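Sequence lines, in order, name chains S and U.
Going by the UniProt record's numbering, the final residue of the first sequence carries number 349, and the count climbs one at a time with no gaps.
Going by the UniProt record's numbering, the final residue of the second sequence carries number 349, and the count climbs one at a time with no gaps.
Have a look at the structure below, then the notes.
Protein chains: 2
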Amino acid sequence: MTVTLADVAARAQVSPATVSRVLNGNYPVAATTRERVLRAVDELDYVLNGPASALAAATSDLVGILVNDIADPFFGIMAAAIQSEIGGPGGRAGGERLGVVCNTGGSPERELTYLTLLQRQRAAAVVLTGGAVENTAHATAVATKLRKLADAGTRVVLCGRPPAPADTDAVALTFDNRGGGQELTEHLIELGHRRMGYIAGPEERTTTRHRLEGHRAALAAHGIPDDPAWTVHGRYDRRAGYEATLELLRREPSLTAVVAANDTVALGACAALRDSGLRIPDDVSVVGFDDLPFSVDAVPALTTVRLPLSEAGALAGRVAMGREEAPEGGIVTVRGELMVRGSTGVPKG
Amino acid sequence: MTVTLADVAARAQVSPATVSRVLNGNYPVAATTRERVLRAVDELDYVLNGPASALAAATSDLVGILVNDIADPFFGIMAAAIQSEIGGPGGRAGGERLGVVCNTGGSPERELTYLTLLQRQRAAAVVLTGGAVENTAHATAVATKLRKLADAGTRVVLCGRPPAPADTDAVALTFDNRGGGQELTEHLIELGHRRMGYIAGPEERTTTRHRLEGHRAALAAHGIPDDPAWTVHGRYDRRAGYEATLELLRREPSLTAVVAANDTVALGACAALRDSGLRIPDDVSVVGFDDLPFSVDAVPALTTVRLPLSEAGALAGRVAMGREEAPEGGIVTVRGELMVRGSTGVPKG
DNA sequence: AGCGTTACAGCAAGCGCTTTCTATGTGATG
DNA sequence: CATCACATAGAAAGCGCTTGCTGTAACGCT
């Protein structure tokens with residue numbers, strides 16, 4: 001029924017061992033033999049049995065990429081970059097790995113389940129992207145899992161995520177969310193804004209907290225009081241941005257700027273402002289975060305902080321593949337770049 | 001070192017067979033025994049060895065989802081919907097499958113390679129999303145692969161992709177791209193437009209061809225000549241839309257409308273028009289396709305055709321899991337819905 | 001009381017591959 | 001020409017799990 005190694009061996013008149021070695025290319029095989037085997041493989045249309053191979057070799061060619069929301073380009077772009085380095089046919093010959101992305105939907109349980117599933121598959125590497133959930137129980141559970149994965153020989157890389165406990169052996173590429181948030185708010189302050197609403201992401205997320213901290217640090221640095229009523233939490237999507245903006249406007253109609261947790265949220269904020277009859281940036285300035293591709297097309301174009309998503313993803317992918325050494329200490333901080341565009345301006349009056 | 005089934009068996013004082021049966025739950029096991037085993041599993045922190053299990057059972061719990069561009073929300077949304085039905089912790093107990101998305105980047109070779117990799121893993125199911133490459137050699141190669149996958153017991157589902165040859169046993173959920181394209185152009189014609197530029201996707205893609213055919217069908221139906229110079233091909237991204245629009249404007253400055261292959265391209269087109277000093281829709285109307293989340297936030301909001309990406313994805317996922325029967329004939333056509341918004345209007349003069 | 005059933009549990013044979021160790025033929029060497 | 005080293009190829013022992021088949025009690029029945 002299905003063609004096995006033995007069939008190929010028989011056809012090529014060699015032993016199964018030889019076929020295996022030809023296929024793996026890690027043991028000397030005479031050129032003529034190799035060719036004969038390759039021909040047989042081709043004629044029989046043989047496809048290696050992954051599980052069998054993984055079982056015997058105690059390693060698999062699976063690389064897992066965990067993302068919080070695959071429908072969000074923020075993760076899509078990173079995932080694409082990671083996967084492009086991981087392989088499939090992109091990589092060098094032989095190193096054919098199956099880079100697979102798993103969508104946790106931001107749910108801690110799903111994250112853990114996926115990690116278990118990957119552990120079960122004896123994945124070669126795992127890349128966790130985006131912010132982590134800040135919940136002691138969950139953080140501990142994840143750290144434990146990562147530890148076990150590492151013990152089992154799985155390489156663990158964090159991309160756009162704060163470092164895990166040192167004993168997890170995970171390499172971390174962290175985005176400087178706090179710094180970016182601070183720059184953004186500082187930019188607004190310099191323009192003269194004093195009454196700024198802040199639309200934060202979901203609570204208990206590192207990304208949310210860090211960006212918000214940056215915002216507050218900027219306020220504090222300029223002696224601007226921080227009214228808690230001017231901060232609203234919501235999900236990382238346009239709808240949340242829309243509603244949060246309406247809420248902020250209700251609480252404080254005289255706001256001159258809205259700081260959104262990310263570009264998608266900012267887009268929703270812009271829509272809400274427009275629907276409220278306010279002009280951007282004449283009446284209210286808006287800033288986002290991430291600089292996703294569509295942000296430059298917003299009208300007016302969004303002032304935001306560009307995160308090198310592709311570059312970071314590619315680096316993470318290479319580290320996961322062991323093609324690039326992890327930096328000393330295993331932690332890299334990636335800075336964003338402030339992109340000043342049309343959505344911010346001097347406040348009225 | 002690593003805990004195996006045998007260790008658990010020893011600890012629970014039963015045979016490995018019993019442990020396996022408890023874990024798989026497909027064979028009667030006395031309640032007390034089951035509990036003892038479960039406790040042992042827990043105490044030992046046992047994790048099943050996926051490859052070994054897959055080898056012995058000749059099936060794996062992997063489900064592959066192939067997408068053309070994971071950074072494109074069009075695919076992201078579908079993938080999320082598919083994966084949500086596939087499992088991880090979302091599904092019912094026991095049915096824990098690893099839904100993984102693979103990014104082909106639109107490359108035929110990568111597509112084939114991923115299919116081989118999935119075949120190698122003995123995937124439980126494979127879902128191919130989005131337009132297919134129209135190239136006889138490649139189409140044949142893919143059909144052959146799908147055939148083999150089906151033979152090996154892998155369920156094959158196409159989502160947003162035209163049906164494969166009947167002998168591949170693939171269930172197909174097809175988007176009515178032609179009908180949508182026709183509706184869009186008809187809408188413009190009714191508004192009074194006669195000189196419309198068309199920004200098509202990459203050549204040799206079914207999606208590209210079908211949408212373009214719809215456009216031409218509408219023109220033909222109204223006796224409007226189709227000037228080939230008014231059609232420009234490009235990739236499915238904003239940049240391509242931007243440049244194509246500039247090119248169209250160069251070729252024919254009097255165009256009153258631009259029909260874009262999808263929303264992302266339309267966004268680029270809008271940017272190009274604005275940068276050229278043209279107002280939307282006063283000077284030029286613009287339409288997109290797909291109705292991605294950001295389209296409603298464009299200024300003006302984009303007239304487009306809404307495709308039920310999430311619903312289609314969810315259905316595809318259920319079919320892939322065998323939770324829902326494939327319809328008779330295995331082919332479902334999913335229609336889009338025309339969303340008339342601010343980006344289209346009556347042409348000037 | 002005797003016998004057929006039913007309900008579990010265990011045995012053992014693989015699943016298809018990798019890899020260590022061993023065997024063999026060859027050319028180089030003294 | 002005998003010896004040794006080297007380059008290849010093969011034999012065989014698992015890798016950790018599933019499952020068909022074989023017990024073996026405990027049960028219900030006449």
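Note that the Cβ used here is the ideal one computed from N, Cα and C, for glycine as well.
Note that the structure is a prediction, hence the values are computed from the model and not measured.
query, result
"Within chain S, partners of VAL47(U) - CB distance below 7 Å", "THR116, GLN119, ARG120"
"Test: PRO73(S) CB closer than 9 Å to a CB of chain U", "yes"
"For ARG147(S), the three-state DSSP class (helix, strand or coil)", "helix"
"Cβ-Cβ distance between LYS145(U) and THR104(U) below 9 Å", "no"
"Rounded distance between the beta-carbons of ARG238(S) and ASP290(U), thought under 8 Å", "Incorrect: roughly 16 Å between the Cβ atoms, too far for contact."
"Proximity test, ARG97(S) beta-carbon vs the ligand PLP heavy atom, cut-off 8 Å", "Absence of the ligand PLP is noted for the structure shown, with no ligands found whatsoever."
"For GLY313(U), the nearest candidate out of ALA81(U), THR33(U), ARG341(U), VAL37(U) (CA to CA)", "ALA81(U)"
"Within chain S, the residues that LEU23(U) reaches when beta carbons sit closer than 8 Å", "None at all; the shortest Cβ gap to chain S is about 11 Å."
"Bridge partner(s) assigned by DSSP for ILE65(S)", "VAL101(S), VAL127(S)"
"Sequence-distant residues of the same chain with beta carbon closer than 7 Å to LEU44(S), five excluded per side", "VAL3, ASP7, VAL8, ARG11"
"Neighbouring residues, chain U, relative to CYS159(S) (Cβ below 9 Å)", "Those within 9 Å of CYS159(S) in chain U number zero; the least Cβ separation is about 15 Å."
"Residue-chain proximity (LEU98(U), chain S), Cβ-Cβ < 9 Å", "yes"
"Helix, strand or coil at MET321(U) according to DSSP, with G and I counted as helix", "coil"
"Three or more C-beta pairs below 8 Å linking the segment 51-61 of chain S and the segment 62-76 of chain U", "no"
"Reference ALA164(S), options ALA139(S), ALA54(S), GLY345(S), closest by Cα", "ALA139(S)"
"Neighbour-count burial assignment, ASP226(U), 16 or more Cβ in a 10 Å radius", "exposed"
"Within chain S, the residues that SER60(U) reaches when beta carbons sit closer than 7 Å", "PRO51"
"Residues in the segment 256-274 of chain U having any Cβ partner in chain S nearer than 9 Å", "THR264, LEU267, GLY268, CYS270, ALA271, ARG274"
"Beta bridge counterpart(s) of THR303(U) as assigned by DSSP", "VAL287(U)"
"Per-residue contacts from ASN135(S) into chain U (C-beta, under 9 Å)", "Going along chain U, no residue has its Cβ under 9 Å from ASN135(S), so there is no contact; the nearest lies around 17 Å."
"DSSP three-state assignment for GLY91(U), whether helix, strand or coil", "In this prediction, GLY91(U) scores a pLDDT of 33, lower than 50, which makes its location untrustworthy; the coordinate-derived value is nonetheless stated afterwards. If DSSP states are grouped into helix, strand and coil, GLY91(U) belongs with coil."
"Minimum C-alpha distance to VAL332(S) - residue among LEU315(S), THR344(S), GLY342(S)", "LEU315(S)"
"Three-way DSSP call (helix, strand, coil) for HIS222(U) in this model", "coil"
"Residue burial classification, ALA17(S) (beta-carbon count within 10 angstroms, cutoff 16)", "exposed"
"CB contact check: SER84(S) to chain U, cutoff 9 Å", "yes"
"Cutoff 7 Å; reference SER310(S); Cβ partners in own chain excluding five residues on either side", "ILE77, ALA81"
"Of the listed residues GLU85(U), GLY330(U), ALA218(U), MET196(U), nearest to ALA229(U) (C-alpha basis)", "MET196(U)"
"C-beta contact flag for TYR236(S) and ASP72(S) at 9 Å", "yes"
"Below-9 Å beta-carbon distance, ASN177(S) vs any chain U residue", "no"
"Nearest neighbour of GLU344(S), chosen from ARG122(S), ALA266(S), GLY25(S), GLY153(S) [CA to CA]", "The sequence given here has Thr at residue 344(S), not Glu. Of the listed residues, the one whose Cα sits closest to THR344(S) is ALA266(S)."
"GLY130(U) to SER254(S) span [Cα, whole Å]", "47 Å"
"Candidates GLU190(S), GLU134(S), ALA172(S), of which the one nearest PRO202(S) by Cα", "GLU134(S)"
"ILE199(U) in three-state terms, based on DSSP", "strand"
"Assigned exposure category for PRO327(S) - 16 Cβ within 10 Å defines buried", "exposed"
"Inter-residue spacing [alpha-carbon to alpha-carbon] between VAL346(S) and ILE280(S)", "11 Å"
"Proximity below 9 Å, CB of GLY192(U) to CB of ALA218(U)", "no"
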